[in-house]
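Asks: To convert, note that position 549 of the sequence shown is 548 in numbering that gives the first Met the number 0; the numbers rise steadily by one, no gaps. Idealized CB from N, CA, C, for every residue including glycine. First the structure, then my questions, so here it is.
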Amino acid sequence: MKFLKKLFVILVCVMMTTPLLHTAVIAEEMPDEYKEYTKDNYWAELNWFQNDNYKGVVPTYLNDYFTSSRLSWYNRLNYNELVPFFPSAGFSSSPQVDSDELDVINQWFGIYAKDLPHRQPTDPTLNRWPGGKQWNPYNFNYATELLNEGITDYNARADIRERGLSSTAVIEHMIGDTVNLDFDVDVSLLKKTLLTQFISLLNSEFPAYYMMKDNMPETAITQSDGELVFVMDLPKGLESLDSTTYTLTGIDDLTLSVKKENDGRRVVVTARLNAPANYETLKDVYAKIRLVNSVKLSVDGLKVTADIEPNQNSTVTGYVYGAYELIHTTDNNAILNQDATATENDNRHHIDRNTIVFAGRQLASGKDDGGDANKPELITYSLRVNQNKVTFMNDSTTHAVVNVEPGKSIDSDVLTNQSMPLDPSRTGFFVFKEWNTAADGTGTAFTGSTTVNSDMTVYAIYTAVNQAPVLEVKNTTIYQGDNLDLMTLAVSADDYEDGNILNRVQIINDGGFNKDVLGTYSVTYKVTDNDGLSATQVATITVIAKASVKTADTTSIPMYTTLFGFSTIAAMILWIFKKQKFSTFQ
0 MKFLKKLFVI LVCVMMTTPL LHTAVIAEEM PDEYKEYTKD NYWAELNWFQ
50 NDNYKGVVPT YLNDYFTSSR LSWYNRLNYN ELVPFFPSAG FSSSPQVDSD
100 ELDVINQWFG IYAKDLPHRQ PTDPTLNRWP GGKQWNPYNF NYATELLNEG
150 ITDYNARADI RERGLSSTAV IEHMIGDTVN LDFDVDVSLL KKTLLTQFIS
200 LLNSEFPAYY MMKDNMPETA ITQSDGELVF VMDLPKGLES LDSTTYTLTG
250 IDDLTLSVKK ENDGRRVVVT ARLNAPANYE TLKDVYAKIR LVNSVKLSVD
300 GLKVTADIEP NQNSTVTGYV YGAYELIHTT DNNAILNQDA TATENDNRHH
350 IDRNTIVFAG RQLASGKDDG GDANKPELIT YSLRVNQNKV TFMNDSTTHA
400 VVNVEPGKSI DSDVLTNQSM PLDPSRTGFF VFKEWNTAAD GTGTAFTGST
450 TVNSDMTVYA IYTAVNQAPV LEVKNTTIYQ GDNLDLMTLA VSADDYEDGN
500 ILNRVQIIND GGFNKDVLGT YSVTYKVTDN DGLSATQVAT ITVIAKASVK
550 TADTTSIPMY TTLFGFSTIA AMILWIFKKQ KFSTFQ
């Protein structure tokens, strides 16, 4: 136990340096064991970072930070972890790594929160343990400010909620609403880790000589750096405008910058620590650290637009990352000269670059009901824009479906891309009358100004258009004096609505018809349907004279007699010729 405690203190508190060549940041270079540790991590975008002073698994959005860290003059490449990632948090998806991490916290860090008796040095100039108690120069509260035994979750838990509303509920909105979000991350455990590490450093069984001799907590200077990155993926229809503001509270001395990616769908807010370029006193830095428990990014002025998908959850997915570093050293010259070589080679001194990096995970009590149930660690907030649907039926066919905001009408809501459909049509002689809540037209008429409080179906109502009848008549010619029934010239009379109405045909003008007088007569016929529409046609009757009776014609008899005589003579000559020819052959 004593050996493990010594090993732990050495590994956590002593960082040796060895220069290496600069290496590019390439995610594929992540060692296989770390790939295995992080393979199921869906709540953070991670890669393997390595340059000439730092290496490790870090969120991709912190690559730039580690490239430009103020502490990059101190080489941390040979830092060895007692447990993968620790004291960083939120990277592992391995239950075994998480369990080992908690064991380290509870077995080795937890003991420092007990304020156990400590062996006092015999040299009074080195004795910083009055009464045999731990050296606690900044008077940390052991119960509330240090890591205690019994911790079951070592993470920075985060949550996104709409300001003033439930963190778990899916919040209902309308088009045009303004959405104000609070993105909170609880870093109190990481703060406790920093404070506990400091206590463990001071109360190690091997505290550096000058740590005790010069009373390092009171005389030391330090250099620190850090960065927070909030990432939000916005759903379609929730827009970050030019007027949208981002404000950070819970921590001071940071500069915010906002950029948009993925065509504005991703918002990245970076907060870089404004630490002095040269140094601060160690005492002042820890005083600032003690004030930090949670950090909140307030987002004001997101806008719900008509592009949002109605009647389904629209989810904001969040990611939050952070890094904080500070130098512990008993030799202020190392910081002033930004050179740790002499300090590292003197075992009476101590120097380390204490680094904590985290990726936030969803606070369980704040998980929204619209989040992915299979990804409980993913930080989400969900909203919903409910819209009523009006279905317009044209007989058995759906003519249109229009979305309407609840309690509004089609003409009065803000859905400019949703409007009353064009009037429908029906085969035949019909004219569109209205939309009605009943298929037979006995319900309530529906218009663009009708208030819609729920999904509904309306039906096209038509009025039949009365068609004029079709009348057909025929013309005829008769002999003078012959009888003619004028009604027989009406061939047909048909009406779309009334059917066959031939029996309704009337003669409205007989044209002065007289069967005994030669000439041409125009007779006008008319037929009228039940709705009063009429059709007229004109038949033409021609009266002609009858032919005269003629006697027999004798003027041609002499001609026929002459022809008969000639034909008889010709026949006799032909017979005599044939007979003589036959006798010759005999």
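Apply the 10 Å Cβ neighbour rule to THR177 and answer buried if 16 or more other Cβ atoms are within range, or exposed otherwise.
Replies: Flag for THR177 reads exposed.
Asks: From ARG383 to ILE174, what distance separates their C-alpha atoms?
Replies: Going from the Cα of ARG383 to the Cα of ILE174 covers about 10 Å.
Asks: Spatial neighbours of TRP72 within its chain, please: CB distance less than 6 Å, with the 5 preceding and 5 following residues excluded, ordered by chain position.
Replies: Around TRP72: GLN337.
Asks: For PRO116, does the count of other Cβ atoms within 10 angstroms reach 16, so buried, or fall short, so exposed?
Replies: PRO116 should be labelled exposed.
Asks: What are the uninterrupted segments assigned as alpha helix (DSSP H) that are 4 or more residues long and contained completely in the stretch 21-99, given in chain order?
Replies: Counting only runs of 4 or more, we get 31-37, 62-67.
Asks: For the stretch 54-72 against the stretch 200-220, do three or more pairs of beta-carbon atoms, one drawn from each stretch, fall closer than 8 Å, so that the two count as touching?
Replies: The answer is no - the stretch 200-220 does not touch the stretch 54-72, with fewer than three Cβ pairs under 8 Å.
Asks: Could you give the first and the last residue of the continuous alpha helix (DSSP H) run that contains ALA333?
Replies: Per DSSP, ALA333 belongs to the alpha helix (DSSP H) from 331-335.
Asks: At the level of alpha carbons, what is the spacing between LEU19 and ASP51?
Replies: Residue confidence is low: LEU19 scores 33 on pLDDT, short of 50, so the model does not pin down where it sits. Its coordinate-derived value is still stated next. The alpha-carbon atoms of LEU19 and ASP51 are separated by roughly 5 Å.
Asks: Is it buried or exposed, VAL315, if we count other Cβ atoms within 10 angstroms and call 16 or more buried?
Replies: Burial call: buried.
Asks: Counting Cβ pairs, one atom from each stretch, are 3 or more of them under 8 Å apart for the stretch 125-141 and the stretch 98-117?
Replies: Taking 8 Å as the limit for Cβ pairs, the verdict is that the stretch 98-117 does touch the stretch 125-141.
Asks: Among THR354, ASP241, SER364, ASP183, whose alpha-carbon lies nearest the alpha-carbon of ASN79?
Replies: Nearest option by C-alpha distance: THR354.
Asks: Between the C-alpha atoms of LEU247 and VAL186, what's the straight-line distance to the nearest angstrom?
Replies: Computed Cα separation, rounded: 14 Å.
Asks: Report yes if the CB atom of VAL96 is closer than 8 Å to the CB atom of TYR36, and no otherwise.
Replies: In contact: VAL96 and TYR36 (Cβ atoms closer than 8 Å).
Asks: Looking at the secondary structure, which residues open and close the beta strand (DSSP E) in which ARG425 lies?
Replies: From DSSP, ARG425 is part of no beta strand (DSSP E); its letter is neither H nor E.
Asks: For the beta strand (DSSP E) holding THR248, just list the boundary residues, first then last.
Replies: It spans 244-248 - the beta strand (DSSP E) in which THR248 sits, taken as one unbroken run.
Asks: Among SER491, LEU253, GLU238, THR441, which has the Cα closest to the Cα of GLY263?
Replies: Measuring from the Cα of GLY263, the nearest candidate turns out to be GLU238.
Asks: Could you tell me the boundaries of the beta strand (DSSP E) in which MET455 lies?
Replies: Per DSSP, MET455 belongs to the beta strand (DSSP E) from 455-463.
Asks: On the three-state DSSP scale, how would you describe THR151?
Replies: Coil at THR151, not helix or strand.
Asks: Which first and last residues belong to the beta strand (DSSP E) in which VAL257 is found?
Replies: Segment 253-260, the beta strand (DSSP E) holding VAL257.
Asks: Which value, in whole angstroms, describes the spacing of the CA atoms of ILE540 and ALA489?
Replies: In a straight line, the C-alpha of ILE540 is about 13 Å away from that of ALA489.
Asks: Let me know if GLN196 comes out buried or exposed under the rule of 16 or more other beta-carbons within 10 Å of its beta-carbon.
Replies: Buried, since its Cβ has 16 or more Cβ neighbours within 10 Å.
Asks: Using DSSP's beta-bridge definition, name the partner residues of VAL319.
Replies: DSSP, once it has assigned bridges, lists PHE229 as partnering VAL319.
Asks: What separation, rounded to the nearest whole angstrom, lies between the Cα atoms of GLY149 and ALA142?
Replies: Roughly 12 Å between the two C-alpha positions.
Asks: What does a CB cutoff of less than 6 Å around PHE108 pick up in its chain, not counting 5 residues either side in sequence?
Replies: Contacts found: LEU146, THR195.
Asks: Identify, in the order they occur along the chain, each residue of the same chain with its Cβ nearer than 6 Å to the Cβ of PHE229, setting aside the five sequence neighbours on each side.
Replies: Only PHE182, VAL268, LEU296, VAL319 meet the Cβ criterion.
Asks: Between ASP158 and GLU308, what straight-line distance do the alpha-carbon atoms span, to the nearest angstrom?
Replies: Spanning the two alpha carbons is a distance of roughly 24 Å.
Asks: Pick out whichever of THR379, HIS348, ILE350 has its Cα sitting closest to the Cα of ALA363.
Replies: Closest option to ALA363, Cα to Cα, is THR379.
Asks: With C-beta atoms as the reference, is VAL526 less than 8 Å away from LEU485?
Replies: No, Cβ-Cβ distance for VAL526 and LEU485 is not below 8 Å.
Asks: When we look at the beta-carbon of THR329 and count the other beta-carbons within 10 Å, is it buried (16 or more) or exposed?
Replies: THR329 should be labelled buried.
Asks: Cα-Cα, which of GLY321, LYS258, VAL469, LYS432 is closest to TYR461?
Replies: Nearest option by C-alpha distance: LYS432.
Asks: Quick check: what's the CA-CA separation for ALA492 versus ILE477?
Replies: Answer to the nearest angstrom: the Cα atoms are 24 Å apart.
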